[in-house]
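Everything below concerns the one structure shown next.
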Amino acid sequence: MRKLCVIGDPIAHSKSPVIQNAMLRAAGLEGEYTACRVAGTDTAGWLERAKREVYDGFNATMPHKENLVSLMDWLSEDARRLGAVNTVCIREGKACGYNTDGAGFLQALREADMDPTGKTVLVLGAGGAAKAVVAKLAQAGAADIAVANRTLSRAQQVCRVDGQAVAHPADFAPETLCRLARDCGLVVNCTSLGMTGTQGNFADLSFLEQLSPGAGVFDLIYSPPCTPLLQRAQQLGLNTANGLGMLVWQAVFALEQFTQTKLDGAAMAAAARKALEESL
Ligand code: NAP
């Protein structure tokens, strides 16, 4: 019986138990996946408890992703490059840290027919999620990446991966977004603007009108399923996708690490989506 969980603070809102338990059942694997509230000051203490209590692994969300990096015995290339761990596997008492956010994002993009290879991409926002997004877009061969953020210094940080400039930073003024959206093939929203439970929305969505007709608009937000940004993009006839695919695929890749098994990703994603819909 595998023992798995997600840690975070807060954690009550997490969809990971619903997704992971649905995938375990669909894959015919024995295991139980729970949610544990762990304070940000207790990451190291938790890791010791997880080893003692023979957890096979756990996912981590805010505020643990960065704290875990220095506590790992081994780090995957993505976790090292991003300086953040979202999946920990405990193997023979050793902690192995992975980051499946970027791979989940890329898989979801491709599933939505928004392959970034060779495209000019505009990333909105420069928080933790944007970091994984920018690194993966660069790795996937995007031709040009601009990162626009309210706080310019954060955009500047996100544009550098492993000490190398992979994107160029910009401010968040409506006229800047309009200029950057011209000739752009893909827009990725990594801000929390439009998310349920947060204040604030895009003051001006006219930059969407500058996009080329075949462009895609990917919003990392999945609650609500259709943000004002996506609604406007749909009105303009653009290809759109919300963040549910990313949420689901990062979980599929995490479960593959927990079980050290190559899973039927499409079947796992379908089971996770069904369970999520039933849980809402
Ligand atoms: P974060 O680190 O807190 O970053 C938030 C970003 O939003 C920052 O760039 C921030 O700009 C910007 N922002 C917030 N309020 C703003 C406002 N009023 N005007 C302009 N910009 C504003 O959050 P995160 O972890 O990166 O997450 C970002 C979003 O992605 C969230 O909605 C989260 O739910 C979603 N997400 C989805 C998935 C998925 O699997 N689908 C995974 C991770 C995250 P400043 O830097 O100026 O503060």
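Per this note's numbering, numbering through the sequence shown is continuous, rising by one, with the last residue being 371. Backbone N, C-alpha and C fix where the C-beta goes; we use that ideal spot for every residue, glycine too.
1) When you measure from the CB of Ser-303 to every non-hydrogen atom of ligand 1, does any distance come out below 7 Å?
2) Quick one: is the Cβ of Ile-312 within less than 7 Å of any heavy atom of ligand 1?
3) Just checking, does the region 163-173 make contact with the region 310-319 on the three C-beta pairs under 8 Å criterion?
4) Using the Cα positions of Thr-282 and Lys-222, report the straight-line distance between them to the nearest angstrom.
5) Within its chain, find whatever has a CB closer than 7 Å to the CB of Gly-336; leave out the 5 residues flanking it on each side and keep chain order.
6) For Asp-206, which residues of its own chain have a beta-carbon under 8 Å away from its beta-carbon, when the five flanking residues on both sides are left out?
7) Let me know the secondary structure DSSP gives Cys-269 once reduced to three states.
8) On a CA-only basis, which of Ser-370, Leu-299, Ala-357, Ala-126 is nearest Pro-265? Give me that one, please.
9) State whether the region 316-327 contacts the region 337-351, with contact taken as three or more CB pairs (one from each stretch) at a distance under 8 Å.
10) Assuming Asp-192 is part of the alpha helix (DSSP H), what are its boundary residues?
11) Measuring straight from C-alpha to C-alpha, what distance separates Ala-175 and Arg-182?
12) DSSP state of Ala-324, grouped into three classes?
13) For Asn-292, count neighbouring Cβ atoms within 10 angstroms of its own Cβ and tell me buried if that reaches 16, exposed if not.
14) Asn-280 by DSSP, collapsed to three states: which one?
15) Taking 8 Å as the cut-off, does the region 242-256 touch the region 208-223 (at least 3 CB pairs, one atom from each stretch)?
16) Quick check on the DSSP output: what are the complete beta strand (DSSP E) runs of length 3 or more inside the region 210-269, in order along the chain?
17) Contact between the region 352-364 and the region 109-119 is defined here as three or more beta-carbon pairs at a separation below 8 Å; is this criterion met?
18) Asp-147 by DSSP, collapsed to three states: which one?
19) Flag this pair as yes or no: are the beta carbons of Ile-98 and Ala-151 separated by less than 8 Å?
20) Could you please give me the residues that DSSP links to Ala-186 through a beta bridge?
21) Report buried or exposed for Pro-260, applying the criterion of at least 16 other Cβ atoms within 10 angstroms of its Cβ.
22) In whole angstroms, what is the alpha-carbon distance linking Gly-193 and Arg-143?
23) Rounded to whole angstroms, what's the CA-CA distance from Phe-149 to Pro-304? Just pull it up for me.
So, from the listed chains and residues:
1) no
2) yes
3) no
4) 12 Å
5) Ala-199, Glu-202, Ala-203
6) Leu-200, Ala-231
7) helix
8) Leu-299
9) no
10) 192-202
11) 19 Å
12) helix
13) exposed
14) strand
15) yes
16) 211-215, 235-239, 259-261
17) yes
18) coil
19) yes
20) Ile-181
21) buried
22) 30 Å
23) 42 Å
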